[in-house]
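Student: Going by the numbering used here, the letters in the sequence shown line up with residues -14 to 327, in that order.
All C-beta atoms in this analysis are idealised placements derived from N, C-alpha and C, irrespective of residue type, glycine included.
Quick one: structure below, then a few questions.
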Amino acid sequence: MHPESVSNFWANAQQPLMILAPMEDVTDTAFRELVMRISEPGNLNVVYTEFTSTDGLCHPEGRHRVEERLKVSRSERELLHEHNVKIVAQIWGNNPQKYAEAVQYITSQYDFDGIDINMGCPVRKVVAQGSCSALINNEALAGEIIAATKEATHLPLSVKTRIGLGKVDTNRWMSFLLSQPLDAIILHGRIQKQMSEGQANWEEIAKAVQLKEELAPHIKLIGNGDVYSFEDARHRVKEYGTNGVMIGRGIFHNPWLFNPQKAEPPVEEKLDTLLTHLNLFEQNWRGIKPFAILRRFFKIYLAGFPGAGNLRADMMQVNNFDAARKSVEHFKHKKLAMPNNA
Ligand SMILES: Cc1cc2nc3c(=O)[nH]c(=O)nc-3n(C[C@H](O)[C@H](O)[C@H](O)COP(=O)(O)O)c2cc1C
C-alpha cells in the first residue's frame, strides 16, 4: 500500500473512539469478527490484534507461528470495511532494530490501519527482559523504539501503556510520551505492580488528559480500565475528557456490549452466537490452535438462563468442535421441546 493512500484514522476521528482492547488468546480474527457481527455499526471503531513479538517476526523459521496473531480472515476484512472499523497491529519487544524490521515486514505483507507498541504488559517474564511495561522506566530505550518504528512505517503510531511501573508516575511518563512522534496513547489506569488488581485510577487518566491539552493536543488520549458497559464508556469520555475508551474484560461480561440498544438476548440467540463462535474458530484455527482456548469463552454465552450451569459444565468436558456443537444443539432441542419454552 502506498503512503498517500493511508489516512490517519486517529487524527481524523470526529467522535470519541470506542475500542476493543488487545487480549492474548482472545482477540483473534474469529472473536473480533464475532464481536463486530453482534455490535451496532458505528459503536465499535477500532480493534486490535493480540500482542505480537518483534523478535519472533524477525525470525524467518519461527515467524509463521507468531504471525497467527496478525491473521485477518477474509470475512473479518469484509466486516471491517462494512462497519468502518479500523484494525491496529500491536507489537512488543526490546530491540529498536527488530521493531524496524518487524514493522517493515508487517507493512509490506499486511493491511493494518495502525501500529501500536505495547508498553503496558505487566507480566514478569517480559518485564525482566526490559520489554513492555519495563519501558515506562527506560525513556531512552522507549524513545529509540518509537523513533525506529516511526522511521520504518507510514502507518499511524500509538503506544498502549500504564500510569507507572512500581509507583504512579503519570506526570513524568506522560510528559515524555507526549513529546514523542505519536498519534495516540492508550492509558490503562493501573501501575505495572498492580497487574489487574485494585481499581483503574481514572483520576490519573484525567491528569494525563490535562497534560496532553498543554503539551500535545494533536495526540489522541484513550482511557482504559474497568469499563463494563457502553453507557459507562460514554460517561467516562464526558467525565474525564478522553478521546475515547478501550474496553477489554467487559466483553466477557457482555459480548453485546457495543450494541447498547440490545436488551438481554434470548437463550436461543446466546446459543446461536456460541455456535457462530465455534464455527469461526474452526474455520480459522482447526489444526493450528488448541481447542482448549475456546473454553474460556463458553461462560460468556452460557449464563443467565435456566440450565446454563449444567450446559457450561458439559461443555467444559468436550474437546472437539463436533462434540461441542452436539451439546449445544441437544440443549437447544430439549429446551425448545418444553411446553412453555422455559
Ligand atoms: C486475557 C487478557 C489478555 C490481554 N492481552 C493483552 C495484549 O496482548 N496486549 C495488551 O496491550 N494488553 C493486553 N491485555 C490488557 C487489556 O488490553 C487491558 O488493558 C486490561 O484488561 C484493562 O482493561 P479492562 O479493565 O477493560 O479489561 C490483556 C488482558 C487480558 C484480560
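1) May I ask you to report which of helix, strand or coil DSSP gives Gln89?
2) For ligand 1, is there any heavy atom lying closer than 8 angstroms to the beta carbon of Cys43?
3) Would the C-beta of Arg234 count as close to ligand 1, meaning under 8 angstroms from any of its heavy atoms?
4) Compute the minimum distance between the beta carbon of Pro1 and the heavy atoms of ligand 1, and state whether it is under 8 angstroms.
5) Got a sec, what are the start and stop residues for the alpha helix (DSSP H) Ala127 sits in?
6) Output the boundary residues of the alpha helix (DSSP H) element that contains Gln177.
7) Out of curiosity, what's the CA-to-CA distance linking Leu64 and Gln75?
8) Cβ of Asp211 within 8 angstroms of any heavy atom in ligand 1?
9) Output needed for Glu(-11): all residues of its chain with C-beta closer than 6 angstroms, excluding positions within five of it in sequence on either side, in chain order.
10) Where do the ends of the beta strand (DSSP E) carrying Met104 lie?
11) Can you find the residues in the same chain that come closer than 6 angstroms, C-beta to C-beta, to Leu287, ignoring five residues on each side of it along the sequence?
12) Is it true that the region 50 to 66 meets the region 109 to 127, where meeting means three or more beta-carbon pairs spaced less than 8 angstroms apart?
13) Would you decide whether Glu189 is buried or exposed? Buried here means 16 or more other CB atoms lie within 10 Å of its CB.
14) Under a three-way DSSP split, which group does Leu206 fall into?
15) Apart from the five residues just before and just after Ala327, which ones in its own chain have a Cβ nearer than 7 angstroms to its Cβ?
16) With DSSP as the reference, identify every bridge partner of Ile170, one or two as the case may be.
17) Skipping 5 residues on each side, what residues in its chain have a beta carbon closer than 6 angstroms to that of Pro129?
18) Suppose the cutoff is 6 angstroms on Cβ atoms and the five residues either side in sequence are ignored; what does the same chain contact list for Ser24 look like?
19) Leaving out five residues on either side along the sequence, give the residues of the same chain with a beta carbon under 6 angstroms from the beta carbon of Met(-14).
20) According to DSSP, is Ala74 helix, strand or coil?
21) Taking C-beta to C-beta, are Phe276 and Asn304 nearer than 9 angstroms?
22) In whole angstroms, give me the CA-to-CA distance for Pro45 and Lys247.
23) Take Arg54 and list the residues in its own chain whose beta-carbon comes closer than 6 angstroms to its own, dropping the five residues that flank it on each side.
Tutor: On the basis of the coordinates in this document:
1) To locate residue 89, count along the sequence shown from 1; it is residue 104. The answer is helix: DSSP assigns Gln89 an H, G or I state.
2) If you number the sequence shown from 1, residue 43 lands on position 58. No - ligand 1 has no heavy atom lying nearer than 8 angstroms to the Cβ of Cys43.
3) The residue labelled residue 234 in the question sits at position 249 within the sequence shown. Yes.
4) Locating residue 1 in the sequence shown gives position 16, counting from the first residue. For ligand 1, not one heavy atom lies less than 8 angstroms from the Cβ of Pro1.
5) By one-based count along the sequence shown, residue 127 stands at place 142. Run containing Ala127: Glu124 to Ala137, per the alpha helix (DSSP H) assignment.
6) Here residue 177 is taken as the residue at index 192 of the sequence shown, counted from 1. Gln177 -> no alpha helix (DSSP H), and no H or E assigned at all.
7) Mapped onto the sequence shown, residue 64 falls at position 79. Mapped onto the sequence shown, residue 75 falls at position 90. So the alpha carbons of these two residues sit roughly 20 angstroms apart.
8) Locating residue 211 in the sequence shown gives position 226, where the first residue counts as 1. Relative to ligand 1, the beta carbon of Asp211 is positioned inside 8 angstroms of a heavy atom.
9) Stepping through the sequence shown from its first residue, residue -11 is reached at position 4. A caution first: Glu(-11) carries a pLDDT of 46, below 50, which makes its placement in the model unreliable, though a value can still be read off. Excluding residues within five positions, none has a Cβ falling inside 6 angstroms.
10) Position 119 of the sequence shown, counted from the first residue, corresponds to residue 104. Met104 -> beta strand (DSSP E) spans Gly99 to Met104.
11) Looking up residue 287 in the sequence shown gives position 302. Excluding positions up to five away in sequence, the list reads Ala293, Leu296 and Arg297.
12) no
13) For the purposes of this step, residue 189 is taken as residue 204 along the sequence shown, with counting starting at 1. Under this definition Glu189 is a buried residue.
14) To locate residue 206, count along the sequence shown from 1; it is residue 221. Residue state, collapsed to three classes: strand.
15) The count along the sequence shown starts at 1 and reaches residue 327 at position 342. Reliability of the predicted coordinates at Ala327 is poor, the pLDDT of 47 falling under 50, and no value is obtained from them.
16) For the purposes of this step, residue 170 is identified with residue 185 of the sequence shown, where counting begins at 1. Beta-bridge pairing links Ile170 to Val144 and Leu206.
17) Start at 1 with the first residue of the sequence shown, and residue 129 comes out as number 144. Sequence check: residue 129 is Glu here, not Pro. Once the five neighbours on either side are set aside, the close Cβ partners of Glu129 are Pro81.
18) Locating residue 24 in the sequence shown gives position 39, where the first residue counts as 1. Closer than 6 angstroms at Cβ, skipping near neighbours: Phe243 and Asn244.
19) By one-based count along the sequence shown, residue -14 stands at place 1. For Met(-14), the pLDDT reaches just 45, beneath the cut-off of 50, and the residue's location in the model is therefore unreliable, although a value from the coordinates is still provided. Excluding residues within five positions, none has a Cβ falling inside 6 angstroms.
20) The residue labelled residue 74 in the question sits at position 89 within the sequence shown. Correct three-state label for Ala74: strand.
21) Numbered from its first residue, the sequence shown carries residue 276 at position 291. Numbered from its first residue, the sequence shown carries residue 304 at position 319. It is a contact, given that the beta carbons lie within the stated cut-off.
22) Counting from one through the sequence shown, the residue named residue 45 turns up at place 60. Counting from one through the sequence shown, the residue named residue 247 turns up at place 262. Computed Cα separation, rounded: 46 angstroms.
23) As a working note, residue 54 is residue 69 in the sequence shown. Excluding residues within five positions, the ones whose Cβ falls inside 6 angstroms are Thr34, Glu35 and Thr37.
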